[in-house]
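All remarks here apply to the structure that follows.
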Amino acid sequence: GMEIGLIEGVALIYFIGYALDYSLHIAYKYSSSEAMTREPPPLLGSHSATVRMQRTMFAVKSIGGAVLGSAATTAGAAFFLVFCKLTLFQRLGAMCLTVTLVSVLVALISLPAALMMFAP
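If you read the sequence shown in the numbering used here, its first letter stands for residue 327, the second for the next number, and so on.
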């Protein structure tokens, strides 16, 4: 496996903090009052389910493209670090690439599903 030294530990803390950013953008848009000014979807069984769907759709449509674009540029830059000759850059690139891919998948797939099921 990969040993985690001081630089990798600091980088991992940094990457985890930045990984939350994508989900926070989606959650912020979900909670904004602007989400309720859009056309509501058809009734989904209960009023609260319809509101959750409306808020989730607004959040993903309004900020999802920016989240995906940000993840693509970050992953693109990290991809080239993986092929560097210095081991430090290879490790940082691999960690950044992994954290970026996982965090964008959580922000655009898992979080919206959870918001539609459990959010207020």
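For each residue, glycine too, the CB sits at the ideal point set by N, CA and C. Since we're looking at a predicted model, the values are computed, not measured.
**Simplified DSSP assignment, three categories, for E329** = Against the sequence shown, residue 329 aligns to sequence position 3. The three-state secondary structure of E329, taken from DSSP, is coil.
**Item:** At least 3 beta-carbon pairs within less than 8 Å: the region 400 to 414 vs the region 433 to 442
**Value:** With contact defined as three or more Cβ pairs closer than 8 Å, the region 400 to 414 and the region 433 to 442 are not in contact.
**Request:** State yes or no: is the beta carbon of E334 nearer than 7 Å to at least one beta carbon in chain B?
**Result:** The structure shown has no chain B; it contains just one protein chain.
**Item:** Reference E365, options I330, T376 and H351, closest by Cα
**Value:** As a working mapping, residue 365 is identified with position 39 in the sequence shown. The option with the nearest alpha carbon to E365 is T376.
**Request:** Assign G331 to one of two classes, buried (16 or more other C-beta atoms within 10 Å of its C-beta) or exposed (fewer than that).
**Result:** On the sequence shown, residue 331 is found 5 positions in, with the first residue counted as 1. An exposed status is given to G331, since fewer than 16 other beta-carbon atoms sit within 10 Å of its beta-carbon.
**Request:** Rounded to whole angstroms, what's the CA-CA distance from A385 to F409? Just pull it up for me.
**Result:** By one-based count along the sequence shown, residue 385 stands at place 59. By one-based count along the sequence shown, residue 409 stands at place 83. Those two C-alpha atoms are separated by around 36 Å.
**Item:** Touch test, the region 406 to 426 against the region 352 to 370, Cβ-Cβ under 8 Å, three pairs minimum
**Value:** With a cut-off of 8 Å, the region 352 to 370 and the region 406 to 426 do not count as touching, because too few Cβ pairs lie within range.
**Prompt:** If we ignore side chains and look at the alpha-carbon of each, how far apart do T413 and E334 end up?
**Reply:** Taking the sequence shown and counting its residues from 1, one reaches residue 413 at position 87. Taking the sequence shown and counting its residues from 1, one reaches residue 334 at position 8. Taking the straight line from one Cα to the other gives about 11 Å.
**Message:** Just to confirm the assignment: which complete alpha helix (DSSP H) runs, minimum length 4, are found wholly within the region 362 to 426?
**Reply:** Within the region 362 to 426, the complete alpha helix (DSSP H) runs of at least 4 residues are 373 to 407.
**Prompt:** Less than 7 Å separating the beta-carbons of L437 and G419?
**Reply:** Counted from its first residue, the sequence shown places residue 437 at position 111. Counted from its first residue, the sequence shown places residue 419 at position 93. The beta carbons of L437 and G419 sit no closer together than 7 Å.
**Asked** With respect to the alpha helix (DSSP H) encompassing L441, which residues constitute its N-terminal and C-terminal limits?
**Response** As a first step, residue 441 must be located in the sequence shown, where it is residue number 115. Note, L441: alpha helix (DSSP H), L437 to F444.
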